[in-house]
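Keeping their order, the protein sequence lines are chains A and B. Anchor point for the first sequence: position 55 equals 55 in this note's numbering, and the numbering is continuous, going up by one each time. Whatever position you read off the second sequence (first residue = 1), add 1000 for this note's numbering.
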Amino acid sequence: MEPRIRIRRSAFVDAASCVACGCCVKVCPLGAISVFRGVAANVDPKKCVGCGKCARECPASVIVIQEAQA
Amino acid sequence: MKKRWYDYIWVFSLTYLILGFFNILFAWLGLLCFFIPLIISVSRGTKGYCNRYCGRGQLFALLGGRFGLSRRRDIPGWMKSKGFRYGFLAFFLVMFFLMLWNTCLVFAGARDLKQVVTLLWTLKLPWHWAYHGTLFHPGVAQFAFGFYSVMLTSTVLGLITMLLFKPRSWCVYCPMGTMTQLICKAKNRET
Ligand code: SF4
Ligand code: SF4
Ligand code: SF4
Chain A
1 MEPRIRIRRS AFVDAASCVA CGCCVKVCPL GAISVFRGVA ANVDPKKCVG CGKCARECPA
61 SVIVIQEAQA
Chain B
1001 MKKRWYDYIW VFSLTYLILG FFNILFAWLG LLCFFIPLII SVSRGTKGYC NRYCGRGQLF
1061 ALLGGRFGLS RRRDIPGWMK SKGFRYGFLA FFLVMFFLML WNTCLVFAGA RDLKQVVTLL
1121 WTLKLPWHWA YHGTLFHPGV AQFAFGFYSV MLTSTVLGLI TMLLFKPRSW CVYCPMGTMT
1181 QLICKAKNRE T
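Here it is, written out as structure tokens:
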């Protein structure tokens, strides 16, 4: 049997353009994203499932959902 | 997600805007939305105000999100650029200090109280019905008119960008948001 290839998707924040408003934090169902020290949002890749809710909410549209390595 | 008490601060923001129609002196309460974010960012080095307590952000999220009053499009690139954000903050501060200066002139008796609310820094709306005389100096009322103008202007801008782009697009160029982020950046560079 072939090993099943699992594609993991995850959110990535363009930290340089993030305005640290926290809109993404409020909608993440898994608490995987947080605003670090009022500067930019930070994704915990272990928790994020790449659902894209945060990316849709982000008023600056600086979150992309991409395939994550392993 | 479970709602906490601080998820209802939008009620305060809405009440604030309505009270200003009836008695302009309530505008002084708006100073809370000015000092609390600054105090949080200076003392704790976080944008806790934006992230949790800001009623205005919640109000836009509610109107644009729950009530669907938003096209939900991406905000144009120039509006989220640093140049525009910092430029808007600078412009906002200059207008704010001009407003304070006018208040000082009224306090000094060099100018009479003007019972108008200035929308978008240009449109002068008559607002005399919300002024019933005050026990205090007319300067106290002048500040209230000036501060309410600032609050109403930013709400109107926020509503426009809410309709055009995402619900909380205002947060991208909100002067308080930009200012608190700058403070956090400066603070966290030190440590
Ligand atoms: S993609 Fe989904 S799980 Fe990942 S941070 Fe965004 S909202 Fe949370
Ligand atoms: S919603 Fe967007 S701009 Fe706001 S903190 Fe999250 S990633 Fe940053
Ligand atoms: S950016 Fe402005 S409107 Fe948005 S949450 Fe922060 S203080 Fe409130």
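Glycine is no exception: its CB is placed at the ideal position from the N, C-alpha and C atoms.
- Its Cα nearest to that of B:Tyr1008, the residue B:Arg1052 stands out among B:Leu1089, B:Arg1052, B:Pro1037.
- Taking a Cβ-Cβ threshold of 7 Å, the residues of chain A close to B:Arg1168 are Cys21, Cys23, Pro59, in chain order.
- Among the residues of the segment 34 to 68 of chain A, those with a Cβ less than 7 Å away from any Cβ of chain B are Val35, Arg37, Gly38, Val39, Pro59, Ala60, Ser61, in the order of the chain.
- As computed with DSSP, A:Asn42 is found in a beta bridge with A:Ser34.
- Contact between the segment 1175 to 1183 of chain B and the segment 1117 to 1128 of chain B is absent: fewer than 3 CB-CB pairs across the two stretches fall below 8 Å.
- Counting other Cβ atoms within 10 Å of its Cβ, B:Ile1160 stays below 16 and is therefore classed as exposed.
- Nearest to A:Ala16 by C-alpha distance, out of A:Ile63, A:Glu67, A:Pro29, is A:Ile63.
- About 5 Å separates the beta carbon of B:Pro1167 from that of B:Gly1065, a gap short enough to meet the 8 Å contact definition.
- Taken through DSSP and simplified to helix, strand or coil, B:Gln1058 comes out as helix.
- Residue side-chain check: A:Ala11 places its Cβ nearer than 7 Å to a non-hydrogen atom of ligand 1.
- Exposed is the label assigned to B:Ala1110, since fewer than 16 other Cβ atoms lie within 10 Å of its Cβ.
- A:Cys21 places its beta carbon 8 Å or farther from that of B:Cys1033.
- As for any beta strand (DSSP E) of minimum length 3 sitting wholly inside the segment 1103 to 1171 of chain B, the runs are 1116 to 1119, 1123 to 1126, ordered along the chain.
- Contact of B:Cys1033 with chain A is not assigned, every C-beta pair being separated by 8 Å or more.
- Residues of chain A whose Cβ lies closer than 9 Å to the Cβ of B:Thr1180 are, in chain order, Ala20, Gly38.
- Interface annotation, B:Val1172: in contact with chain A, CB-CB separation under 8 Å.
- Cβ contact annotation for B:Ala1130 (same chain, cutoff 7 Å, sequence separation greater than five): Gly1020, Phe1021, Phe1022, Asn1023, Ile1024, in chain order.
- By the beta-carbon neighbour count (other beta carbons within 10 angstroms, threshold 16), B:Leu1152 is buried.
- B:Phe1067: not part of any beta strand (DSSP E); DSSP gives it neither H nor E.
- Those residues having their beta-carbon less than 7 Å away from any non-hydrogen atom of ligand 1 are, in chain order, A:Ser10, A:Ala11, A:Cys24, A:Val27, A:Cys28, A:Pro29, A:Leu30, A:Ala32, A:Ile33, A:Val43, A:Lys47, A:Cys48, A:Val49, A:Gly50, A:Cys51, A:Gly52, A:Lys53, A:Cys54, A:Ala55, A:Ile63, A:Ile65.
- In the DSSP assignment, A:Val62 falls outside any beta strand (DSSP E), carrying neither H nor E.
- Ranked by Cα distance from A:Lys53, the first of A:Ile7, A:Arg8, A:Cys28, A:Arg9 is A:Cys28.
- Within the DSSP secondary-structure output, B:Arg1052 pairs in no beta bridge.
- Relative to the non-hydrogen atoms of ligand 3, the Cβ of B:Gly1177 comes within a distance shorter than 7 Å of at least one.
- Taking C-beta separations shorter than 7 Å and ignoring five residues to either side along the sequence, the partners of B:Ala1061 in its chain run Pro1167, Arg1168, following chain order.
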